[in-house]
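Everything below concerns the one structure shown next.
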Amino acid sequence: MPAVDKLLLEEALQDSPQNEMCLATQQLSKQLLAYEKQNFALGKGDEEVISTLHYFSKVVDELNVLHTELAKQLADTMVLPIIQFREKDLTEVSTLKDLFGLASHEHDLSMAKYSRLPKKKENEKVKTEVGKEVAAARRKQHLSSLQYYCALNALQYRKRMAMMEPMIGFAHGQINFFKKGAEMFSKHMDSFLSSVADMVQSIQVELEAEAEKMRVSQQEFLSVDESVYTPDSDVAAPQINRNLIQKAGYLNLRNKTGLVTTTWERLYFFTQGGNLMCQPRGAVAGGLIQDLDNCSVMAVDCEDRRYCFQITTPNGKSGIILQAESRKENEEWICAINNISRQIYLTDNPEAVAIKLNQTALQAVTPITSFGKKQESSCPSQNLKNSEMENENDKIVPKATASLPEAEELIAPGTPIQFDIVLPATEFLDQNRGSRRTNPFGETEDESFPEAEDSLLQQMFIVRFLGSMAVKTDSTTEVIYEAMRQVLAARAIHNIFRMTESHLMVTSQSLRLIDPQTQVSRANFELTSVTQFAAHQENKRLVGFVIRIPESTGEESLSTYIFESNSEGEKICYAINLGKEIIAVQKAH
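For the sequence shown, position 115 (counting from the first letter as 1) is numbered 115 according to the working numbering, and the numbering increases by one without interruption.
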């Protein structure tokens, strides 16, 4: 808000009206012309004020020689309203601004206390009291902001009147005090002053209407239930918008202050294009925090805090960890960042694209906890030849294809994703008590694996299962990369971050998934059924392979399995390739 300088006319009236009046009126004329250059934040309706002040500037110049004897009248009709505006109205706005700042500070303190609440339910009374404290702080902040907002709205009318009323008194004093005023300014001046008076009266009517509207709004806001101000009031069934392509709001940012110590800072975040921006309190603009293009986002457990999520860069490095204040905010932030990471915002109609993609994801992504047979519609049979592989410099290099296929050519839209496809060891033992267990991968599991003892190759890797899904082809490694993208995106959409850890044993005959605690084999894949395998090009710890499984109908189905390894995925690919080479040599002899 620009400062209101003290007019020279005030000093002239106090010190020497006879000698200073001419200089003061000249200065007043310049100030009237300079009004339009003021950068006033609340500039509604200033066009009429500026044009009127320009006309008054001409009048002041013409009446300059007559103003010496008008000092007393001007002091009452012109200077006093300006002083009242400066010392009363502006002071009131400044006071309300300070009260709003204090209320905001109290709200921040209560939110910080609320954010530190643990997940445990032993002390529900404390959580309830803290929730009430947050609600009271928000209510107080809301009331103070409304009062400050109403005062600012009123100020934009009062400051217009504060410039008009003194000028009306100024002009009337000139005309009434001097006989020449009636001769110099006849009917056209009277009509002008009358129109200005009518304009001021209309502004007063607008002010009263606005004030009444604000009073009604305050009553409506204050009459709502306190649950509206309570964080996470709709935790049971929040209305979540998964089609957002931009998002803004307050989040807690996790900062490392030492090797093992961390702090959480509540800041205002917003998305802008493909970037996540942060604007600290008091800053005039936001700064870049994270480039969201091709990144991944997932809900995480962090320091016993609720509603945390982590943004990971495209190269697999852990990015920032943020905490939302409610389940609804948490899931909407995850969905918005996931939509932005797909670069939907660059399309012609990003809202429609986001809605279409999320509808497809919600239909396709169905967590499955057992190895039931997939529907025929989602597992189209393919009879494709294995892709050729070249071994160069001890690295697996897939044979280049002419062009990258579309996602629909690799995986059928709406294909279900299995997140918990590996059965726990306890379930394995339960199913083997009293009867022979049927392997869910469509193979018969032997009670022992004698080939492991005679195998020329045995390598063990620690892996975590991420998901599996049916695919349409195994002719290119792009099908594995597309499956990785869909599995990670689906986990982010559904906040699924639990993964089953296993030991992956690679031998010259098979791939075995072994429970690390009981050493029970969870699954067994014949190495000859592995038709495609690859590691992620950027996130080196992601690895996947395609399995060709015979069906009871005599046809074959293709499924891709995605894992996260503690070591580089290329090492697993090298071991699988070495096993297949051993099989080829054994067949040749």
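From the three backbone atoms N, C-alpha and C, an ideal C-beta is built for every residue, glycine too. Quick caveat, the model's predicted, so the values are computed rather than measured.
From this set, the options, which residue's C-alpha is nearest residue i's C-alpha?
i           : options            : result
residue 168 : 55, 294, 475, 245  : 55
residue 84  : 176, 166, 25, 351  : 166
residue 484 : 474, 466, 217      : 466
residue 228 : 413, 306, 131      : 131
residue 278 : 259, 92, 251       : 251
residue 568 : 287, 555, 543, 414 : 543
residue 135 : 147, 156, 109, 155 : 109
residue 238 : 332, 248, 294      : 332
residue 463 : 535, 128, 212      : 535
residue 79  : 294, 164, 175, 417 : 164
residue 350 : 490, 313, 244      : 244
residue 345 : 473, 36, 273       : 273
residue 248 : 212, 334, 472      : 334
residue 265 : 257, 271, 253      : 253
Do residue j and residue i count as a contact pair if the criterion is CB distance below 8 Å?
i           : j           : result
residue 564 : residue 557 : no
residue 482 : residue 410 : yes
residue 162 : residue 50  : no
residue 546 : residue 479 : yes
residue 513 : residue 504 : yes
residue 327 : residue 232 : yes
residue 151 : residue 96  : yes
residue 196 : residue 52  : yes
residue 89  : residue 155 : yes
residue 469 : residue 486 : yes
residue 294 : residue 217 : no
residue 492 : residue 296 : yes
residue 510 : residue 456 : no
residue 292 : residue 276 : yes
Hey, how far is the Cα of residue i from the Cα of residue j?
i           : j           : result
residue 461 : residue 103 : 56 Å
residue 588 : residue 581 : 11 Å
residue 585 : residue 566 : 30 Å
residue 173 : residue 209 : 31 Å
residue 571 : residue 562 : 15 Å
residue 192 : residue 198 : 10 Å
residue 105 : residue 255 : 21 Å
residue 170 : residue 153 : 27 Å
residue 121 : residue 339 : 34 Å
residue 599 : residue 343 : Coverage of the chain is limited to positions 1 through 589, which leaves residue 599 absent and any answer about it impossible.
residue 142 : residue 303 : 31 Å
residue 321 : residue 300 : 9 Å
residue 72  : residue 23  : 17 Å
residue 390 : residue 113 : Confidence in residue 390 is poor, its pLDDT being 39 and thus under 50, which makes the residue's placement too unreliable to answer from.
residue 30  : residue 75  : 20 Å
residue 200 : residue 158 : 10 Å
residue 539 : residue 298 : 15 Å
residue 520 : residue 418 : 21 Å
residue 92  : residue 25  : 30 Å
residue 175 : residue 87  : 29 Å
residue 263 : residue 117 : 15 Å
residue 591 : residue 501 : Limits of the chain in this structure are 1 at one end and 589 at the other, which puts residue 591 out of reach.
Taking all protein chains shown into account, decide if residue i is buried (16 or more other Cβ within 10 angstroms of its Cβ) or exposed.
i           : result
residue 283 : exposed
residue 324 : buried
residue 450 : Here residue 450 scores only 45 on pLDDT, less than 50, and its place in the model should not be relied on; the value that follows carries that caveat. So residue 450 counts as exposed.
residue 441 : Because the pLDDT at residue 441 is just 44, under 50, the model does not fix this residue reliably, and the value given afterwards should be weighed accordingly. Result: buried.
residue 59  : buried
residue 523 : buried
residue 221 : exposed
residue 224 : exposed
residue 315 : exposed
residue 241 : exposed
residue 575 : buried
residue 246 : exposed
residue 317 : exposed
residue 356 : exposed
residue 259 : exposed
residue 579 : buried
residue 38  : exposed
residue 573 : buried
residue 140 : buried
residue 532 : buried
residue 126 : exposed
residue 160 : buried
Quick one: is the Cβ of residue i within less than 7 Å of any heavy atom of the ligand SAH?
i           : result
residue 297 : This structure lacks the ligand SAH; in fact it carries no ligand of any kind.
Exercise. Which runs of the beta strand (DSSP E) spanning at least 3 residues fall entirely within the stretch 488–546, listed in chain order?
Worked result: 500–507, 510–514, 521–526, 530–535, all fully within the stretch 488–546.
Problem set entry | Complete alpha helix (DSSP H) runs within the stretch 185–262 (minimum length 4 residues, chain order) | 187–222, all fully within the stretch 185–262.
Problem set entry | 3-residue-minimum beta strand (DSSP E) runs that sit fully inside the stretch 53–87, ordered along the chain | Within the stretch 53–87, no run of beta strand (DSSP E) reaches 3 residues while sitting entirely inside it.
For this session: Pick out the complete alpha helix (DSSP H) segments inside the stretch 84–148, 4 residues or longer, and give them in chain order.
Result: The stretch 84–148 contains these whole alpha helix (DSSP H) runs: 90–115.
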